[in-house]
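Since the structure comes first, as structure tokens, the remarks are kept for the end.
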Amino acid sequence: MNNDKRRRFDWSTVLMLIALIVLMTSGYYVSRKKIRIKEAASLPFYEIDMSQIADGEYEGKTYTSFLHLQLKVIVENHKLKDIKVIENKGYDADTALPILKKMIEENSVIVPAIKGSEIGSLVYISCVSSALNGE
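Add 879 to a position in the sequence shown, counting from 1, and you land on the number used in our numbering.
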């Protein structure tokens, strides 16, 4: 009988420890995401009028704690012809990449974020707008 109580106690302790670990891990990930959102929102964003951008190649760099991004933006006839990735390492680096194609198709820096990669999309938008703004 004593053995049954001890075994039951051990299982409840194990379950409580597992629940505690899950809660702590969840809290950590929520905290990290909030930090990333705050950092991405504080990046510089410039309103770019493509009719005012001269032909040429423009380089942009945006480094955050979660994503390092370096791009080369090529403009011809006031249109985004190509955006080449020189460096993209970190959180949302690859999943946000399709935003570059959207920018070229719409000939605009400000385009809707990639669903599921909103934070990375903001970094890409900031990097391209900074490059074209001469930052």
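Each residue gets a CB set at the ideal place from its N, CA and C atoms; glycine is no exception.
Note that the coordinates shown come from a computational prediction; the quantities given were computed from them, not determined experimentally.
Cβ shell of residue i (< 7 Å), same chain only, five flanking positions each side left out
i	result
V988	I927, M982, I1004, V1007, S1008 and L1011
I914	none
I916	I998
Local conformation of residue i per DSSP, three classes
i	result
E966	strand
L959	strand
K822	Nothing in the structure corresponds to residue 822, since the chain is present only between 880 and 1014.
G999	helix
T892	helix
T941	strand
G935	strand
K951	strand
L946	strand
E985	helix
Classification of residue i by the beta-carbon crowding that lies within 10 angstroms, buried from 16 upward
i	result
I897	exposed
T941	buried
I900	exposed
I998	buried
V954	buried
L946	buried
G939	buried
Residues near residue i in its chain [Cβ-Cβ closer than 8 Å; skip 5 each side]
i	result
N1015	The structure shown does not extend to residue 1015, since the chain spans only 880 to 1014, so no value can be given for it.
T904	none
Supposed contact pair residue j and residue i - C-beta distance, whole angstroms, cut 8 Å
i	j	result
M874	K968	Lying before the first or after the last residue shown, residue 874 is absent from the chain, which here runs from 880 to 1014.
L922	L1001	7 Å
A920	T943	Rounded, the Cβ-Cβ distance is 11 Å, inconsistent with contact.
Residues near residue i in its chain [Cβ-Cβ closer than 6 Å; skip 5 each side]
i	result
I993	A975, P977, I978 and S1000
V990	K981 and M982
I962	L950, V952 and L979
S996	D971, T974 and A975
L948	T941, N967, V1002 and C1006
#### Entry: Touch test, the stretch 921 to 940 against the stretch 900 to 913, Cβ-Cβ under 8 Å, three pairs minimum
Counting Cβ pairs under 8 Å, fewer than three are found: no touch.
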